[in-house]
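Structure, as structure tokens:
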């Protein structure tokens with residue numbers, strides 16, 4: 117019996133684990149990240165502060181079932197802010213990753 121094409125594609129990647137979902141916290145949706153997604157086939161995600169490039173690459177490949185070409189990681193600094201003129205506060209920092217997806221593949225972050 118020959119395997120169907122969809123079965124062959126699905127078996128190419130391992131199943132995602134709990135750790136994969138813990139590494140990738142949420143997508144970062146901004147004008148710049150949407151432009152990168154449409155024009156350069158890159159996604160921007162907020163990741164666990166202790167995650168490294170290899171863990172991020174494997175997590176994206178397993179969760180979204182796509183091939184990853186490159187991962188760029190940066191730490192976004194915390195910012196101080198004021199609410200009105202009286203109240204001081206801060207916006208917490210986080211770690212983000214810009215992941216380049218292989219040519220010919222795509223990720224749909226806005227499934228209906």
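Numbering (the numbering used here), first residue to last: 117 to 228.
Note that beta-carbon positions come from the ideal geometry of N, C-alpha and C, so glycine has one too.
These numbers were taken from a predicted model, which means no experiment stands behind them.
Query                                                                                                                                                       : Result
Looking only at its own chain, which residues have a Cβ that is under 6 Å from the Cβ of residue 217, when we skip the five neighbours before and after it? : 157 and 182
In the segment 173-202, which residue ranges form an unbroken alpha helix (DSSP H) of at least 4 residues, counting only runs that do not cross its ends?   : none
Return the bridge partner residues of residue 145 from the DSSP annotation.                                                                                 : Answer is none; residue 145 lacks a bridge partner.
Does the CB of residue 143 have a neighbour CB from chain D at under 8 Å?                                                                                   : As a matter of chain content, chain D is missing from the structure shown, which is built from one protein chain.
Name the two residues that bound the continuous alpha helix (DSSP H) containing residue 138.                                                                : 134-139
So what's residue 128 in DSSP terms, helix, strand or just coil?                                                                                            : coil
Quick one: what's residue 206 bridged to in DSSP?                                                                                                           : 196
Nearest to residue 224 by CA position, among 162, 165, 180 and 203, is which residue?                                                                       : 180
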